[in-house]
Amino acid sequence: MKFTTLISTLFLAGSALAIRVSYDNTYDDPSGSMDSVACSDGPTGLAANYSTFGDLPSFPFIGGSSAISGWSSPSCGNCFSLSYGGNIIYVTPIDHTQEGFNLAQEAMDVLTGGKAEELGISIRAFGSLCFVLFCKPHFVLDFLSFF
């Protein structure tokens, strides 16, 4: 298999779609309980390994996603890339939201270049499912330093 094919397969799991992105300060609280979100317990729950939002390796790049259908969704813990205005962030959905993504404000600030409040509660961005290790910050830095 060619190296470029391997990289494409591993890192680009889907095409980017225009989606709604909003923020909710609930997800900014590192002491927020994992028991309060759809991805708490059950077969795909995250609370067994992470009791608070701050325990998640991707914190504060967390929030709700319409990909999370409800309690113990198979999409719990997946990784999504979101892009807006040349900025890209990697988000771990831990909760359900009706449309698109509902993130911690800190994550939305990084996505919008510090303009979450200025732009308002909701923007249109591009998002796609990506390789789960991109949501683990140390992996991305180690991978990029390889080149």
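Residues -18 to -1, 1 to 129 (mature numbering (1 follows the signal peptide of the UniProt record, and there is no 0)) make up the sequence shown, in order. Cβ atoms here follow ideal geometry from the backbone N, Cα and C, with glycine treated the same way.
A direct Cα-Cα distance of roughly 34 Å separates T94 from G24. Considering only A20, G59, P42 and I76, the residue with the shortest C-alpha distance to V92 is P42. In the structure shown, the three-state DSSP call for T8 is helix. Looking at the DSSP output, D77 shares a beta bridge with G46. Setting aside the 5 residues that flank it on each side, S13 is surrounded in the same chain by T34, each with a C-beta closer than 6 Å to its C-beta; the list follows chain order.
Residue nearest to L38 within the set S65, S51, G109 and D10 is D10 (criterion: CA-CA distance). Taking the C-beta atoms as reference points, Y72 is found nearer than 8 Å to C117. DSSP, read as helix, strand or coil, puts L93 in helix.
No Cβ-Cβ contact shorter than 8 Å links S47 with S40. Taking 8 Å as the cut-off, the Cβ atoms of M16 and A(-1) do not count as close. Contact between V3 and I105 holds: their C-beta atoms lie close to 5 Å from each other, under 8 Å. Remark: C-beta atoms of L85 and G45 approach each other more closely than 8 Å.
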